[in-house]
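Colleague:
Protein chains: 2
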Amino acid sequence: MTGNIYVIGMGPGFKSMMTQEAFAAMENADVIVGYTVYVDLVREHFPEKEFFTTPMRQEIERCKACYEFALDGKNVAFICSGDAGVYGMAAPVFELLPDYIDSGITSENIIVIPGITAALSGAAVLGAPINHDFCLISLSDLLTPWAVIEKRLKASIDGDFAIALYNPSSHKRHDYLQKACDIMLEAGAREDRACGFVENIGRDGQNYTVCTLGELRKKQVNMFTTVFIGNSNTRIIEGKLVTPRGYKYE
Amino acid sequence: MTGNIYVIGMGPGFKSMMTQEAFAAMENADVIVGYTVYVDLVREHFPEKEFFTTPMRQEIERCKACYEFALDGKNVAFICSGDAGVYGMAAPVFELLPDYIDSGITSENIIVIPGITAALSGAAVLGAPINHDFCLISLSDLLTPWAVIEKRLKASIDGDFAIALYNPSSHKRHDYLQKACDIMLEAGAREDRACGFVENIGRDGQNYTVCTLGELRKKQVNMFTTVFIGNSNTRIIEGKLVTPRGYKYE
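Protein chains in written order, with the numbering used here: chain S, 328 to 577; chain W, 328 to 577.
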């Protein structure tokens with residue numbers, strides 16, 4: 328009898344921001360698998376549980392370990408920060424599935440449990456920056472060619488979307504946010520477009536900043552930051568970043 | 328002493344898909360405000376609570392009622408389906424704030440609590456269709472000119488984004504999904520692009536379909552449907568819709 332693999336979005340960090348089904352799936356699992364940093368965020372709630380962690384950049388090893396546990400008959404809670412299906416582990420788990428079909432695991436053994444991704448939790452902190460059509464773009468070029476990222480940044484301005492940017496910075500990519508802002512400005516975004524960013528969303532040290540695109544270009548943000556660029560109608564209201572839905576007010 | 332307005336994303340429907348902070352904010356509120364249909368989904372959990380509902384299209388009246396309750400010193404749980412800040416009530420609440428500043432309500436009295444929007448919950452049902460950069464577009468032209476929607480559909484194909492479409496149909500807009508597919512095909516999307524849709528996400532009657540863009544164009548979906556269009560790399564794996572993150576597998 329094979330076990331199930333629950334690919335779980337745990338939200339930004341605080342237990343209060345997990346869904347009840349996410350927490351229950353961890354509680355009911357035989358083993359909790361994940362990146363060391365995220366597993367440490369939930370370990371205190373399940374001190375008796377079996378854990379399996381791998382360091383950063385060993386995502387595929389982590390996925391394969393889930394299949395091995397499931398083949399041993401264990402139910403697996405595979406945890407991801409934010410949402411399981413937004414730059415998360417849901418896709419790689421399904422991509423590996425054909426290798427395990429002959430062992431008896433089917434797509435029905437893989438259950439994705441959604442969670443609050445940083446676009447939503449960060450937006451809540453800033454006000455309502457993505458309250459209309461929006462794009463989500465990661466600035467990490469580890470797995471995506473920079474030319475593709477550049478094309479998407481340009482298209483997001485052409486379409487006048489509100490935008491959430493993930494992975495705006497890292498040790499090796501300290502100037503990527505500046506490059507992204509330049510691409511958006513060249514694509515026609517105005518320097519006074521309303522923007523903002525949030526650090527440490529849903530964790531200790533959470534803080535936010537509201538600014539213009541011209542100001543954002545000069546900011547140095549860290550890797551625990553989610554950045555928001557408004558659409559051309561986004562306004563700063565009483566210090567909050569707000570993208571109107573389009574209602575008319577008397 | 329004014330009360331606080333908690334603008335709450337309740338997720339798709341089932342209590343298990345609410346976050347713990349969303350549920351707690353409803354539990355601690357003096358009054359729960361919302362669109363009749365959504366309030367009915369939570370009423371059973373809080374039989375003793377004061378409720379205030381307004382029908383569809385009375386969103387601004389609903390927002391103003393929240394301010395009036397807060398001015399009476401009540402803590403208000405203003406519930407939205409999905410997320411509070413994705414086509415939700417967070418933006419209109421902030422847009423009305425300047426009218427109430429003189430009464431003593433500040434931006435600190437407005438707390439947005441995120442929830443699982445249909446892009447995330449629907450993606451989890453289908454597999455992993457938005458596991459890379461994606462756009463979210465509503466096809467409703469009640470509050471947005473169709474020309475803007477058309478521009479965004481085209482830009483989303485130009486940028487090769489995965490796409491989630493909200494409000495793909497209604498009584499008066501039965502052919503909008505077909506029109507949207509035609510715009511995407513004209514913008515260069517291939518007929519065999521992998522797509523899918525989910526009906527009644529997180530509610531009784533949930534079901535999903537995986538198909539190509541050419542097939543999607545001929546589908547008649549209802550208003551309780553969320554539609555997903557893959558990017559050019561999205562594949563159907565064992566009946567699930569999967570947008571690769573970009574990992575290499577041995």
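Where a beta carbon is used, it is the ideal one built from N, C-alpha and C, also for glycine.
For a contact meaning CB atoms closer than 7 Å, what does M344(W) contact in chain S?
Modeller: T346, E348
Colleague: Which residues does DSSP list as the beta-bridge partners of L568(W)?
Modeller: G454(W), I563(W)
Colleague: Return the first residue and the last residue of the beta strand (DSSP E) that D526(S) is part of.
Modeller: Note that residue 526(S) is Glu in the sequence shown here, rather than Asp. Start and end: 521-526.
Colleague: For C522(W) and E395(W), I'd like the C-alpha separation in whole angstroms.
Modeller: 45 Å
Colleague: Taking Cβ positions, are A482(W) and H459(W) nearer each other than 8 Å?
Modeller: no
Colleague: Closest Cβ-Cβ distance between E422(W) and chain A: below 8 Å?
Modeller: The structure shown contains no chain A; the protein chains it does contain are S and W.
Colleague: Please check if any C-beta of chain S sits within less than 8 Å of the C-beta of G541(W).
Modeller: no
Colleague: Sorted by chain position, which residues of the same chain lie with C-beta nearer than 7 Å to T536(W)'s C-beta, five sequence neighbours on each side aside?
Modeller: G523, F524
Colleague: Check N534(W) in the structure and name its three-state DSSP category.
Modeller: strand
Colleague: Using C-beta distances below 6 Å, list every residue in its chain close to V608(W), excluding the 5 sequence neighbours before and after it, in chain order.
Modeller: Outside the displayed span of chain W (328 to 577) sits residue 608(W), for which this structure offers no information.
Colleague: If contacts are defined as beta-carbon pairs under 8 Å, then N436(W) and I528(W) qualify, I think. What distance do you get, rounded to the angstrom?
Modeller: Actually they do not touch by this definition, with Cβ atoms about 32 Å apart.
Colleague: Pick from G330(S), T561(S), K376(S), T381(S): whose alpha carbon is nearest that of I432(S)?
Modeller: Out of G330(S), T561(S), K376(S), T381(S), G330(S) has the C-alpha closest to the C-alpha of I432(S).
Colleague: Start and end of the beta strand (DSSP E) containing T381(S)?
Modeller: 377-381
Colleague: Quick check on this structure: which residue in A514(S), A417(S), A455(S), P495(S) has the alpha carbon closest to the alpha carbon of Q547(S)?
Modeller: P495(S)
Colleague: Closer than 7 Å between beta carbons: that is the criterion. Which residues of the segment 553-577 of chain W meet it against chain S?
Modeller: Near chain S, meaning a CB-to-CB distance below 7 Å, the residues of the segment 553-577 of chain W are I564, E565, G566, K567, V569, T570, P571, R572, G573, Y574, Y576.
Colleague: By DSSP's criteria, G299(W) is part of a beta bridge. Which residues make up the other side?
Modeller: An answer regarding residue 299(W) cannot be provided, because it is not within the stretch 328 to 577 covered by chain W.
Colleague: Does the beta-carbon of G415(S) have 16 or more other beta-carbons within 10 angstroms, so that it is buried, or is it exposed?
Modeller: buried
Colleague: Assuming the contact rule is C-beta atoms closer than 8 Å, V366(S) and F350(S) should be a hit. Round their C-beta distance to whole Å, please.
Modeller: At roughly 15 Å, the Cβ-Cβ gap does not stay under 8 Å, so V366(S) and F350(S) are not in contact.
Colleague: With 8 Å set as the bound, which would you pick, yes or no: does the beta-carbon of L463(S) sit closer than that to a beta-carbon of chain W?
Modeller: yes
Colleague: In chain W, what lies closer than 7 Å to G486(S) by C-beta?
Modeller: Here the neighbours are K478, R479, A482, S483.
Colleague: To the nearest angstrom, report how far apart V502(S) and E371(S) are at their CA atoms.
Modeller: The question names Val, but residue 502(S) is Asp in the sequence shown. Rounded to the nearest angstrom, the two C-alpha atoms are 37 Å apart.
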